[in-house]
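Trainee: Going left to right, the sequence shown walks through residues 1 to 265 as the UniProt record's numbering numbers them. Using N, Cα and C, we set each Cβ at its ideal position, and we do this for glycine too. Note that the coordinates shown come from a computational prediction; the quantities given were computed from them, not determined experimentally.
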Amino acid sequence: MNLDAPDPVEADADSAAPRGPRGIQSVEVGGQLLIALAHVGRPMALKDLAREAGMVPAKAHPYLVSFGKLGLVVQDAGSGHYGLGPLALQLGLISLQQFDPVRLASAELPALAQQVGHTVAIAVWGNRGPTVVRLEEGPTAVHVNMRHGTVVSLDGTASGLLFAAHRPAAEVAQVLRAESGHAPDAGFAATLAQVRAQGWAARVDGSMPGVSALATPVFDGFGAMVLALVAIGPSAALPVDAASPLLAPLRDAAQAISRRIGWRG
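#1: Looking only at its own chain, which residues have a Cβ that is under 8 Å from the Cβ of A173, when we skip the five neighbours before and after it?
#2: Of the choices H39, L34, S79, whose alpha-carbon is the least far from that of G68?
#3: Just checking, does the region 239-248 make contact with the region 164-178 on the three C-beta pairs under 8 Å criterion?
#4: I need the straight-line Cα distance from S159 to Q255, nearest angstrom please.
#5: Is it buried or exposed for H166, if we count other Cβ within 10 angstroms and need 16 for buried?
#6: Is the CB-CB distance between L70 and L87 below 8 Å?
#7: CB P130 to CB L154, shorter than 8 Å?
#8: List the endpoints of the continuous beta strand (DSSP E) containing G126.
#9: To the nearest angstrom, how far is it from the Cα of A237 to the Cα of A231?
#10: List in chain order: all unbroken beta strand (DSSP E) runs of 3+ residues lying wholly within the region 164-244.
#11: Excluding the five sequence neighbours on either side, which residues of its own chain have a C-beta within less than 7 Å of the C-beta of P110, listed in chain order?
#12: Measure how close the beta-carbons of G23 and H118 come, nearest whole angstrom, since I'm counting them as under 8 Å.
#13: Using only CA atoms, which one of T150, G149, A213, W125 lies nearest to E171?
#14: Given a threshold of 16 other Cβ atoms within 10 Å of its Cβ, counted over all protein chains shown, does residue 332 qualify as buried or as exposed?
#15: Comparing alpha-carbon positions, which option in W200, A224, A169 lies nearest D252?
#16: Please work out which residues of its chain come closer than 6 Å, Cβ to Cβ, to A17, disregarding the five sequence neighbours upstream and downstream, and give them in chain order.
#17: Are the Cβ atoms of G30 and Y82 separated by less than 8 Å?
#18: Put G30 into one of helix, strand or coil per three-state DSSP.
#19: Give every residue of the same chain whose Cβ lies closer than 6 Å to the Cβ of R128, excluding the five residues on either side of it in the sequence, and list them in chain order.
#20: Figure out for me which residue from G206, A215, R264 has the closest Cα to the Cα of F163.
#21: Are the beta-carbon atoms of A50 and A38 separated by less than 8 Å?
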C-alpha cells in the first residue's frame, strides 16, 4: 500500500482547481446545499433544495443527513422541509460578533477617497443623532468644520437624511425636535420616502454653504442600517444626482461591507 498516494477525493479537488489551495471536493459540493438554504432564506423540500444546489435529490440526501447530525440543518417533521439548524444560527451570530462594521469600513476609506476624488467619512447613529467617527481626506480640498465625534444635522446632511429614512419614526422625531424645534412635516416625510426608494441620500449646500455630500447605507444581517459612507466636497465639483460618477463606488463599497456583516440584500 502506497501511504504517500493522495486521497482520491483530494486528488479530484486538485484536478478541478489546480491553481488554488488543496481542498476536499465533497465538502464543497455539499456546501452548495447550505449556500442554497442561506440564499433562499426559508425551509425547502428536498427536490427544490437539490435543484437550487445543482444536484439530484438522491445525491443531496446523504449530505443533508450528515448536516442534520451536526446541527447545520433541521428537517421539519410535518412537512419534511429542510432549513438551517441551530449550529448554523450559532455560527452566524458568532460571525456577526467578529466583524465590526466601522473597522471594516475604515479599512476601505483611503482607497475610496482616492477613487471618488473627494473626502469620505463614516457616520454612525449616536445618542444625539448622526455622528462622524472617521474622516479621510481626498485629493479635492474641502474646508469643513468636522472632526471625529461631530454630531451632524439630521435634515441638513446626506448622512442625516439617510439615517432618518431608516431609523424608527419616533426616534427620528425626537432628534429633529431637539435639532430644529419642530416635528417632521409632510415634506420631510416625502424626502425620506424618496431616500428609501432610491437607496442613497444627498444634500447640496445643506448645513455648510458651498459644501455638498452624497451618502450610501451599510446594513447588517438583520437589515438594520449601521453606518453611512459619505462623500463630501465643494458643491461646484461634487455631483449629487442619480448620474453622479461617485454613486457607484460609494454604493459598491457599502454593499460589500454589508455583505461581510451578514446582509443578504
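Mentor: This is what the structure holds:
#1: Your numbering for residue 173 matches position 173 in the sequence shown. Closer than 8 Å at the Cβ level, and outside the excluded window around A173, lie A183, P184.
#2: Along the sequence shown, one-based indexing puts residue 68 at 68. The residue with the shortest Cα to Cα distance from G68 is L34.
#3: no
#4: For this step, residue 159 is matched to residue 159 along the sequence shown. For this step, residue 255 is matched to residue 255 along the sequence shown. Between S159 and Q255, the C-alpha separation is close to 16 Å.
#5: Position 166 of the sequence shown holds residue 166. Buried, by the Cβ-count rule.
#6: The sequence position of residue 70 within the sequence shown is 70, counting from 1. The sequence position of residue 87 within the sequence shown is 87, counting from 1. Against a cut-off of 8 Å, the Cβ pair of L87 and L70 comes out as a contact.
#7: Counting from 1 along the sequence shown, the entry for residue 130 is found at position 130. Counting from 1 along the sequence shown, the entry for residue 154 is found at position 154. Yes, the Cβ-Cβ distance between P130 and L154 is below 8 Å.
#8: Taking the sequence shown and counting its residues from 1, the one referred to as residue 126 is at position 126. Here the beta strand (DSSP E) through G126 covers 119-126.
#9: Here residue 237 refers to the residue found at position 237 when the sequence shown is read from its first residue. Here residue 231 refers to the residue found at position 231 when the sequence shown is read from its first residue. C-alpha separation (whole angstroms): 12 Å.
#10: 201-204, 211-219, 225-234
#11: Indexing the sequence shown from 1 puts residue 110 at position 110. Contacts found: E136.
#12: Here residue 23 corresponds to residue number 23 of the sequence shown, with the count starting at 1. Here residue 118 corresponds to residue number 118 of the sequence shown, with the count starting at 1. In fact, because the Cβ distance is near 42 Å, the residues do not count as touching under 8 Å.
#13: Here residue 171 refers to the residue found at position 171 when the sequence shown is read from its first residue. Minimum Cα distance to E171 is reached at W125.
#14: The requested residue 332 does not occur in the structure, where the chain is confined to residues 1 to 265.
#15: Here residue 252 corresponds to residue number 252 of the sequence shown, with the count starting at 1. Nearest C-alpha to D252: W200.
#16: Indexing the sequence shown from 1 puts residue 17 at position 17. Because the pLDDT of A17 is 43, which lies under 50, any placement of that residue in the model is unreliable, and the number read from its coordinates should be weighed accordingly. There are no such residues.
#17: For the purposes of this step, residue 30 is taken as the residue at position 30 of the sequence shown. For the purposes of this step, residue 82 is taken as the residue at position 82 of the sequence shown. The answer is no: Cβ separation not under 8 Å.
#18: Taking the sequence shown and counting its residues from 1, one reaches residue 30 at position 30. Helix.
#19: On the sequence shown, residue 128 is found 128 positions in, with the first residue counted as 1. Once the five neighbours on either side are set aside, the close Cβ partners of R128 are V151.
#20: Counted from its first residue, the sequence shown places residue 163 at position 163. Nearest option by C-alpha distance: A215.
#21: Working through the sequence shown from its first residue, we reach residue 50 at position 50. Working through the sequence shown from its first residue, we reach residue 38 at position 38. No. Outside cutoff.
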